[in-house]
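Data first, discussion second: the structure below is written as structure tokens.
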Amino acid sequence: MRIILLGPPGAGKGTQAQFISKEFDIPQISTGDMLRAAIKEGSELGKKAKDIMNAGGLVSDDLIINLVKERIAKPDCVNGCIFDGFPRTIPQAQALADADVAINHVVEISVPDDEIVNRLSGRRQHPNSGRVYHIHHNPPKVDGIDDVTGEALIQREDDKESTIRERLATYHEQTSTLVGFYQAKAEEGDDAPKYNKFDGTQGIDDVKQQILSVLKG
Ligand code: AP5
Ligand code: ZN
Numbered sequence: 002m003r004i005i006l007l008g009p010p011g012a013g014k015g016t017q018a019q020f021i022s023k024e025f026d027i028p029q030i031s032t033g034d035m036l037r038a039a040i041k042e043g044s045e046l047g048k049k050a051k052d053i054m055n056a057g058g059l060v061s062d063d064l065i066i067n068l069v070k071e072r073i074a075k076p077d078c079v080n081g082c083i084f085d086g087f088p089r090t091i092p093q094a095q096a097l098a099d100a101d102v103a104i105n106h107v108v109e110i111s112v113p114d115d116e117i118v119n120r121l122s123g124r125r126q127h128p129n130s131g132r133v134y135h136i137h138h139n140p141p142k143v144d145g146i147d148d149v150t151g152e153a154l155i156q157r158e159d160d161k162e163s164t165i166r167e168r169l170a171t172y173h174e175q176t177s178t179l180v181g182f183y184q185a186k187a188e189e190g191d192d193a194p195k196y197n198k199f200d201g202t203q204g205i206d207d208v209k210q211q212i213l214s215v216l217k218g
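Using the UniProt record's numbering, the first residue of the sequence shown is number 2, and each one after it goes up by one.
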């Protein structure tokens, strides 16, 4: 099963991807996490991505498409995967279609802009696994510490209010057009990806139950 998670920064894509990954035993492919790992390693890709990410813009389609093509060729993707934060532009979506990567479900998680700033300022993340917490909505057992590894949690560099606003603007200008793109595709017939929209302002567990019930069919 292949699933695309679509939604603005802070909608809960990473949070829900981890539940879906466990339920269906398929990997989460977060282009944001992959880029952050590249920055940490100091690779060429990381050097190219760093300033763009900290300004809230989008890394070039060519770099992202190559990154994803390499990732989905790995053996753990044989039974499918969850795309978290990809595609983000029409050329990225087109590249998936041109490579005959069939998508079963597009899951849109919708949250209004006002709530996003509040959410992202309370986010904490475990850098190596990508595990996500929130200081109020999903706190770790011990403040500042990852539940699984006992390692320190960090705040993402792009979770400053000014950058969050830029990321939201980028979403509305460049990524929200994928809503219409995939809704139109869903009309194409039985083999087309199914499109479902979820209200991401509900509690984490409610959103999870609703998404899993649709995916389980
Ligand atoms: P990326 O890492 O994908 O960031 P994003 O899209 O801005 O999304 P976030 O990770 O901020 O939010 P999320 O929806 O995953 O929410 P989360 O579950 O963490 O991308 C970062 C950057 O990389 C981009 O800006 C761009 O520069 C670049 N990039 C990445 N992919 C690219 C691509 N394809 N093309 C070009 N450039 C690319 O939840 C957020 C917080 O809310 C957490 O604290 C969580 O605990 C909490 N929370 C979650 N759900 C709920 C709920 N229901 N109620 C209350 N709190 C909740
Ligand atoms: Zn994320």
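Just so it is clear, CB atoms sit at the ideal spot from N, CA and C, and this is done for glycine as well.
Quick check on Q210: buried or exposed, where buried means 16 or more other Cβ atoms within 10 Å of its Cβ?
Q210 comes out exposed.
Same chain only: Cβ atoms within 6 Å of P128, ignoring 5 sequence neighbours per side:
I155
Got a sec: does the ligand AP5 put a non-hydrogen atom nearer than 7 Å to the Cβ of D159?
yes
Do three or more CB pairs link the segment 5 to 16 to the segment 110 to 120 at distances below 8 Å?
yes
Which of helix, strand or coil DSSP assigns to A56
coil
Status (buried if at least 16 other CB within 10 Å, exposed otherwise) for D147:
buried
Given D26, which residues of its chain have a CB within under 8 Å of its CB, disregarding the five upstream and five downstream residues?
N80
Confirm the yes/no value for this check: CB of S31, any heavy atom of the ligand ZN, distance under 7 Å.
yes
List the endpoints of the continuous beta strand (DSSP E) containing R124.
124 to 126
Could you tell me which whole alpha helix (DSSP H) segments of length 4 or greater appear in the segment 47 to 122?
62 to 73, 91 to 99, 114 to 122
What span of residues does the beta strand (DSSP E) with Q29 cover, start to end?
29 to 31
Under the three-state DSSP convention, the category I4 falls into
strand
For the putative contact between I4 and L169, defined by C-beta atoms under 8 Å, what is the C-beta separation to the nearest angstrom?
Rounded, the Cβ-Cβ distance is 23 Å, inconsistent with contact.
For the 8 Å Cβ check, are there 3 or more pairs between the segment 174 to 189 and the segment 122 to 137?
Segments in contact, no.
In the DSSP assignment, the alpha helix (DSSP H) including K186 goes from what residue to what residue?
178 to 187
Return the chain-ordered list of same chain residues with a C-beta closer than 7 Å to the C-beta of T32, the five sequence neighbours on each side being excluded.
I65, L68, V69, G86, F87
Do you know how far the Cα of I165 is from the Cα of D101?
34 Å
Starting from the Cα of S214, find the closest Cα among Q17, K142, E188, L36 and give me that residue.
Q17
Helix, strand or coil for H173 per DSSP?
helix
What first and last residue would you give for the beta strand (DSSP E) that runs through K198?
195 to 200
Is G15 near the ligand ZN, with its Cβ less than 7 Å from a heavy atom?
It does: the Cβ of G15 is within 7 Å (strictly closer) of some heavy atom of the ligand ZN.
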